[in-house]
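Note sheet for the following structure.
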Ligand SMILES: Cc1cc2nc3c(=O)[nH]c(=O)nc-3n(C[C@H](O)[C@H](O)[C@H](O)COP(=O)(O)O)c2cc1C
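In our numbering, the protein residues as written are 4 to 203.
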């Protein structure tokens, strides 16, 4: 079940480094691409950063609309993630889009026009904060998160609930290269080393 995530806790959806899918829409066109280079950037208001290359069609839609969504896919979506990261929506006929072409369904976001991909385990709706230098020089887009959602089977009360009892198909994806992924591994708690002398 999809539940809202409190915005100050939205950073937790990305803090463990999942590969995401960036979706965007403008002028009746929609698209989605894979992005391994993403991160949380702030607590409140929450911000995220993601690299969106100049060659991508997603970038055109993000720049035109000033919005994007980060969809957090799971292991069941590894093949879809690769497909969305290896084929451009620009190469499809105008009446098609990457979602339909790959048999992927989507639903409406609450605060932005970008569609959200069904079957993901988390979604962050973002508005672009204009940082033209970063965009031009580093392809780096910074967005303010205006709404966030998660699948309550794996993220509830502000925490990931991924463990031995969770369906492995719902584990988040972590991309290396060449079609090689890790799925998220063991969760554990740690305490810091005892404070050395000199720390109060
Ligand atoms: C797993 C994966 C991760 C990727 N990460 C990024 C990324 O962080 N930034 C980026 O610009 N492109 C990344 N790419 C490449 C884009 O997803 C790819 O260029 C895509 O085809 C662009 O689609 P579009 O033209 O429909 O927007 C990645 C590809 C894969 C397969």
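We put the CB at the ideal spot given by N, CA and C, even for glycine.
These numbers come from a predicted model, not from an experiment.
If the criterion is Cβ atoms closer than 7 Å, does the pair residue i and residue j meet it?
i, j, result
"residue 27", "residue 61", "yes"
"residue 86", "residue 109", "no"
"residue 2", "residue 49", "Past the boundaries of the shown model lies residue 2; the chain is included only from 4 to 203, so the question cannot be answered."
"residue 153", "residue 8", "yes"
"residue 166", "residue 190", "yes"
"residue 83", "residue 16", "no"
"residue 113", "residue 4", "no"
What distance in whole Å lies between the Cβ atoms of residue j and residue i, which are believed to be in contact at a cut-off of 8 Å?
i, j, result
"residue 29", "residue 67", "4 Å"
"residue 74", "residue 10", "Actually they do not touch by this definition, with Cβ atoms about 17 Å apart."
"residue 52", "residue 44", "5 Å"
"residue 116", "residue 70", "6 Å"
"residue 32", "residue 118", "Going by Cβ atoms, the distance from residue 32 to residue 118 rounds to 11 Å, so no, they are not a contact pair."
Could you pull out every residue in the same chain whose Cβ sits closer than 6 Å to the Cβ of residue i, ignoring the five residues on either side in sequence?
i, result
"residue 59", "36"
"residue 159", "none"
"residue 41", "23 and 53"
For residue i, collect the residues of the same chain with a Cβ closer than 7 Å to its Cβ; drop the 5 residues on either side in sequence, then sort them by chain order.
i, result
"residue 93", "60"
"residue 95", "101 and 104"
"residue 204", "No answer is possible for residue 204: it lies beyond the span of the chain, which begins at 4 and ends at 203."
"residue 21", "75, 175, 176 and 177"
"residue 57", "142"
Among residues of its own chain, excluding the 5 on either side of residue i, which ones have a beta-carbon nearer than 8 Å to its beta-carbon?
i, result
"residue 195", "none"
"residue 198", "none"
"residue 102", "33, 35, 108, 109, 118 and 120"
"residue 18", "43"
"residue 137", "143, 144 and 145"
| said: Quick check: the segment 171-188 against the segment 71-80, are at least 3 beta-carbon pairs closer than 8 Å? | reply: Taking 8 Å as the limit for Cβ pairs, the verdict is that the segment 171-188 does touch the segment 71-80.
| said: Three or more C-beta pairs under 8 Å: does that hold for the segment 141-150 against the segment 123-131? | reply: Judged by Cβ distances under 8 Å, the segment 141-150 makes contact with the segment 123-131, as three or more pairs qualify.
| Can we say the segment 33-42 touches the segment 87-100, given the rule of at least three CB pairs closer than 8 Å? | Contact holds between the segment 33-42 and the segment 87-100, because three or more Cβ pairs, one in each stretch, are under 8 Å apart.
| request: Kindly provide the ranges of any alpha helix (DSSP H) runs that are 4 or more residues long and lie completely inside the segment 92-129, ordered along the chain. | output: Complete alpha helix (DSSP H) runs here, min 4: 101-104.
| request: Counting only runs of 4+ residues fully inside the segment 32-99, write out the alpha helix (DSSP H) ranges in chain order. | output: If we require 4 residues or more, the alpha helix (DSSP H) runs fully inside the segment 32-99 come out as 60-68 and 81-89.
| beta strand (DSSP E) segments (min. 3 residues) lying fully within the segment 134-191 | Counting only runs of 3 or more, we get 143-154, 176-180 and 183-186.
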